[in-house]
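Only one structure is covered here, and it is reproduced in the block below.
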Amino acid sequence: MKLPLRIAILECDTPLTNTKAKFGGYGGVFKQLLERAAETLKQPGLSATEGLELSFYDVVQSKSYPALDDIDAILITGSKHSAYLDDPWILDLVEFVKTTLHQERVRIIGVCFGHQIVGRALGQRVYLGDAGWEVSVTPIELSEAGKALFQRPELSLYQMHRDIVYGCPSGVEQLGSTDGCSNQGMYQKDRLITVQGHPEFTKEIEEEILHARHAAGIFPDGIYEDAIKRLPDHDQGVEVGKAFLRFLLN
């Protein structure tokens, strides 16, 4: 794929107050991830200031989508919503992903909710995981495909989910697993890459969500306190961002 990389970011939720004030929307959160990844990838013509052409689409309220002829890839963000629901905007998103899967040029990146939407579009069951919430920095056991793609033997990412993709579609490689979620990512060459974790999250973003959900009674004290305790652990989200860019460049 030639530079600039024209990536349409499909925003599936609105950030909480502090994150919104700093980044604007989840498109801005992914912008900082991709720019940091571009800076460290050391690819000629690609940096935080050149080689990335990002556009943002609100698929929840505005229900806006890019024309596939105008882009090289779509990136589907995370969301507080459940990917298995039949809300009209979710069904529209699943159909758009199916349309994208049925052509060969535009590639697909999915993160958390986006990973689950891609799984649903591929015919996999998406529902509540038996293990409950998976939150904070979590080590992922990478498959051989995951080790090759992320170019490392291990990976830890921020997590914020309890819904999971059950199984992995035929012809798609599974990238890793955790005790609470067997499908932590999917890959198909020149077609799609997804992760269940949140490479785009910073410590501050994860912490804001943890505080809000604890205050709302969503996270009981035990889950919250354990998650806060693990926040200082090392997160390797930028390594996933670099893998996203290599996926598009190859």
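In UniProt numbering, the protein residues as written are 1 to 250.
Note that beta-carbon positions come from the ideal geometry of N, C-alpha and C, so glycine has one too.
Per-residue DSSP class, three states only, for residue i
| i | result |
| --- | --- |
| ALA73 | strand |
| VAL97 | helix |
| PRO88 | helix |
| ILE140 | strand |
| LEU122 | coil |
| TYR224 | helix |
| LEU68 | helix |
Spatial neighbours of residue i in its chain, beta-carbon cut-off 6 Å, leaving aside the 5 residues before and after
| i | result |
| --- | --- |
| GLY146 | LEU175 and GLY176 |
| GLN159 | GLU134, VAL135, THR138 and GLY197 |
| ALA131 | GLY180 |
Sequence-distant residues of the same chain with beta carbon closer than 8 Å to residue i, five excluded per side
| i | result |
| --- | --- |
| GLY91 | Per the sequence presented here, residue 91 reads as Leu, with Gly not at that position. Hits under 8 Å: none found. |
| PRO15 | PHE23, GLY25, TYR26, VAL29 and ILE205 |
Where the beta strand (DSSP E) through residue i begins and ends
| i | result |
| --- | --- |
| ALA8 | 5 to 11 |
| ILE108 | 107 to 111 |
| LEU54 | 52 to 58 |
Residues near residue i by beta carbon distance below 7 Å, same chain, minus five either side
| i | result |
| --- | --- |
| VAL106 | LEU68, ILE71, ASP72, ALA73, ILE74 and THR100 |
| LEU149 | LEU175, TYR187 and ALA243 |
| HIS161 | CYS112, GLU134 and GLN196 |
Host alpha helix (DSSP H) of residue i (start-end)
| i | result |
| --- | --- |
| LEU34 | 26 to 41 |
| GLY241 | 237 to 249 |
| ALA216 | Counting along the chain, ALA216 falls outside any alpha helix (DSSP H), and DSSP gives it neither H nor E. |
| ALA21 | 17 to 23 |
Whole-number beta carbon distance between residue j and residue i, since they are thought to touch under 8 Å
| i | j | result |
| --- | --- | --- |
| GLU208 | THR19 | 6 Å |
| ASP13 | SER79 | 4 Å |
| SER64 | TYR57 | 5 Å |
| ALA83 | ASP163 | 6 Å |
Hey, which unbroken runs of the alpha helix (DSSP H) at 4 residues or more fall wholly within the segment 143 to 209? Within the segment 143 to 209, the runs of alpha helix (DSSP H) at least 4 residues long that lie entirely inside it are, in chain order, 144 to 150.
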